[in-house]
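Novice: Under the numbering used here, think of the first position of the sequence shown as 19, with each following residue one higher. From the three backbone atoms N, C-alpha and C, an ideal C-beta is built for every residue, glycine too. Here the structure is a predicted model, which means the values were calculated and not measured. A single structure is presented below for examination.
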Amino acid sequence: MTTATAHTPTLSVTTRHLWRRSRGPLMALLLLALSGVVLAALQSGEQHGRLDPRSADRTGSRALAQLLAAHGVSTHAVTTSEEAAAAAGPDTTLLVTDPDVLTQRQLTGLYTATAHTTGRTVLLAPGPAPLDTFAPTVQAEPPVTNAARRPGCSLPDARRAGNALLGGSRYVTSAAGADRCYPSGGKATLLRLPAPAGGRDTVLLGSPEFLYNQHLDEHGNASLALQLLGSHKHLVWYLPSVSDPSSTQDDQRGLLDLVPAGWGWALLQLAFAALLAALWRARRLGPLVTKRLPVTVPAAETTEGHARLYEQANARDRAAAVLRAATRTRLAPLLGVPAAHAHTPETLLPAVQAHLAPAPGTGTDLPSLLFGPAPADDRALVQLADHLDALESSIVSQERHAPREHPDR
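This is the structure:
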């Protein structure tokens, strides 16, 4: 048996090896973290979105807010429906930039708070839900592209402004006294509903683009925006926000409730298909298939590798069992013992003792040698290997020198 010696180098992972293996991913993570810090620092300034009166971006409305301020109109930006309802008092203009994101509870609350106060409510591109609340007699029609359109109505604000950039949704109504301006295909892209007694008039705009900074100086956009939003001294600029607590529905819905109808059955079918695929693949799992090694490994190296593994794991019991089993397997055919009984003490030991009878000086405890307990230390393991080799050599030597009968006798 070949055992591991102290001069043979062992495989071990050192700190240098760990650094060389992990320095690439660590550098990538460090670069990613530095990039995140730089981006966060660059974007840490105050940022505002579309149609925000504080934004100087192309789609912001800061230019319009400054123009209104120059004409004595104060602009108050709010992001919750409660703030909008509280600020939209008498003689104020309420501008709702995105009414379609409001829940029905928000729409109803906002309408109830402003319906009996004088002023004006301006809705930008409202859909069916806002129309049902603020303008029940109005219906929305398919949108059109934005273009410079003529007023086409008698509304003084539109006639003074002249051509303006309008389009988007179109509106039709049967209400008497409504101003249908900037029409496209006979349907208004700006619709003004007259105010009821003691109430507010309502202005519906199909598109908000003429309020953007980038378009305010085109055509009559600035004049139209100034007259529509500056008819009162106070303007409440409502920017609906998803962080508004009042946007939470009364009936709290879970994640599964947000899945559209029909997707539940689709997910169930996908899960069933995945289960069938798993069963199909599992049926193909069988016993391990042996393959030829790409290179020839010498037996000495394999034995030495096993010895190293046993030594590192202190597996003296496993090493002793392998040595004894290999010796019993080799001795069985020499002693005339069937291979099936090579590891049976009742069969193998008498045969070994019979072959050793002519040489009683061996002094070997055969049961302990071939079927004994695990060695207590490495020295006992080495002695066991030596005794097994001596036993096998003795039996092989006797077999070689044993007299054989002549075939003719």
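1) Where are the beta strand (DSSP E) runs, 3 residues long or more, that stay fully inside the stretch 178-207, in chain order?
2) If I measure Cβ to Cβ from V162 and keep anything under 6 Å in the same chain, skipping five residues before and after, which residues do I get?
3) Looking at the secondary structure, which residues open and close the alpha helix (DSSP H) in which Y129 lies?
4) With respect to the beta strand (DSSP E) encompassing T155, which residues constitute its N-terminal and C-terminal limits?
5) So V340 is in the alpha helix (DSSP H); what residue range does that whole segment cover?
6) Report yes if the C-beta distance between L247 and V140 is below 8 Å; otherwise report no.
7) Any idea if Q287 is buried or exposed, counting beta-carbon neighbours within 10 angstroms, 16 or more meaning buried?
8) What is the residue span of the beta strand (DSSP E) that H252 lies within?
9) Measure the beta-carbon distance from N231 to A81 and round it to whole angstroms, keeping in mind my assumption that it falls under 8 Å.
10) What does the alpha-carbon distance come out to for the pair S225 and W298?
11) Which residue wins for smallest C-alpha separation from A105, given the options A51, L48, V254?
12) With a threshold of 8 Å, are at least 3 pairs of Cβ atoms found where one atom belongs to the stretch 97-114 and the other to the stretch 72-80?
13) Buried or exposed for V156, please, with buried defined as at least 16 other CB atoms from any protein chain shown within 10 angstroms of its CB.
14) Helix, strand or coil for D395 per DSSP?
15) What whole-angstrom Cβ distance do E417 and L349 have, given they're in contact under 8 Å?
16) Would you report the Cα separation of T345 and A392, rounded to the nearest angstrom?
17) Any heavy atom of the ligand ZN closer than 7 Å to the beta-carbon of R178?
18) Measure how close the beta-carbons of L384 and L406 come, nearest whole angstrom, since I'm counting them as under 8 Å.
19) Quick one: Cα of C40 to Cα of L48, how far?
20) Using the beta-carbon count (16 or more within 10 Å), is Q371 buried or exposed?
Specialist: A quick look at the data gives this:
1) 182-191, 197-202
2) Around V162: G185, S202.
3) 122-132
4) It is not in any beta strand (DSSP E) - T155 carries neither H nor E in the DSSP assignment.
5) Taken as a continuous stretch (DSSP letters only), the alpha helix (DSSP H) holding V340 covers 334-353.
6) yes
7) exposed
8) 252-256
9) 5 Å
10) Whole-angstrom Cα-Cα distance: 56 Å.
11) By alpha-carbon distance to A105, the top candidate from A51, L48, V254 is V254.
12) no
13) buried
14) Coil at D395, not helix or strand.
15) 10 Å between Cβ atoms; not a contact.
16) 15 Å
17) Among the ligands in the structure shown, none appear at all, so the ligand ZN cannot be discussed.
18) About 11 Å separates the beta carbon of L384 from that of L406, a gap too long to meet the 8 Å contact definition.
19) Checking the sequence shown, residue 40 turns out to be Ser, not Cys. Cα to Cα, S40 sits roughly 12 Å from L48.
20) Classification of Q371: exposed, given that the 10 Å Cβ count is below 16.
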